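Asks: Position 56 of the sequence shown, counting from 1, maps to 413 under our numbering, and the rest follow consecutively.
Ideal Cβ placement from N, Cα and C applies to all residues, glycine included.
Only a predicted model underlies this, so the values are computations on that prediction, with no experimental measurement involved.
My questions all concern the structure below.
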Amino acid sequence: MAEDEPRQAPPPGDLDARLRAAREAARTDEGRRSSRAVSSTLAGMAMRAGVELVAGVAVGVAAGYGLDSWLDTFPVMLILCFVLGAAAGMLNVYRAVTGLGMALGYRQTDDDKTPRDGRR
358 MAEDEPRQAP
368 PPGDLDARLR
378 AAREAARTDE
388 GRRSSRAVSS
398 TLAGMAMRAG
408 VELVAGVAVG
418 VAAGYGLDSW
428 LDTFPVMLIL
438 CFVLGAAAGM
448 LNVYRAVTGL
458 GMALGYRQTD
468 DDKTPRDGRR
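Here is the structure:
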């Protein structure tokens, strides 16, 4: 029966106190949420950097092993593709950390904004 009864509005003084308490709780909650967001963003960036590096090396090793099996030159292509895969992985980590290639086009730096003849 209690569910069928209409709810009564709280007294105005009580409402003001509850609103103040809710606003204060929201302010402290925002601080906690922003620190969690930063830590989760950093953890995500670290995870992405690790995956980019491992993926580059794995693809290089797989390509080198496949080429060595096909061409019958066992360690040569494996070593070469391992080095190229590691370099590609490091380049991908650099791009991820600096933010290059994150949007539809590469971001424009201040050097790109100045004309070639040096005028501003």
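Let me know if residue 454 comes out buried or exposed under the rule of 16 or more other beta-carbons within 10 Å of its beta-carbon.
Replies: For the purposes of this step, residue 454 is taken as the residue at position 97 of the sequence shown. Answer is exposed; the Cβ neighbour count stays below 16.
Asks: Does the Cβ of residue 435 have 16 or more other Cβ atoms within 10 Å, making it buried, or fewer, making it exposed?
Replies: Counting from 1 along the sequence shown, the entry for residue 435 is found at position 78. So residue 435 ends up on the buried side.
Asks: What would DSSP say about residue 479, mapped onto helix, strand or coil?
Replies: One cannot answer for residue 479 here, as it falls past the ends of the chain, which runs 358 to 477.
Asks: In the DSSP assignment, find the alpha helix (DSSP H) that holds residue 435 and state where it starts and stops.
Replies: Here residue 435 is taken as the residue at index 78 of the sequence shown, counted from 1. From DSSP, the alpha helix (DSSP H) with residue 435 extends over 431-455.
Asks: Rounded to whole angstroms, what's the CA-CA distance from residue 410 to residue 372? Just pull it up for me.
Replies: Taking the sequence shown and counting its residues from 1, one reaches residue 410 at position 53. Taking the sequence shown and counting its residues from 1, one reaches residue 372 at position 15. Residue 410 and residue 372: Cα-Cα distance of roughly 56 Å.
Asks: Can you name, in chain order, every residue of its own chain whose Cβ lies under 7 Å from the Cβ of residue 419, other than the five neighbours on each side?
Replies: Working through the sequence shown from its first residue, we reach residue 419 at position 62. The answer is none, since no qualifying residue turns up.
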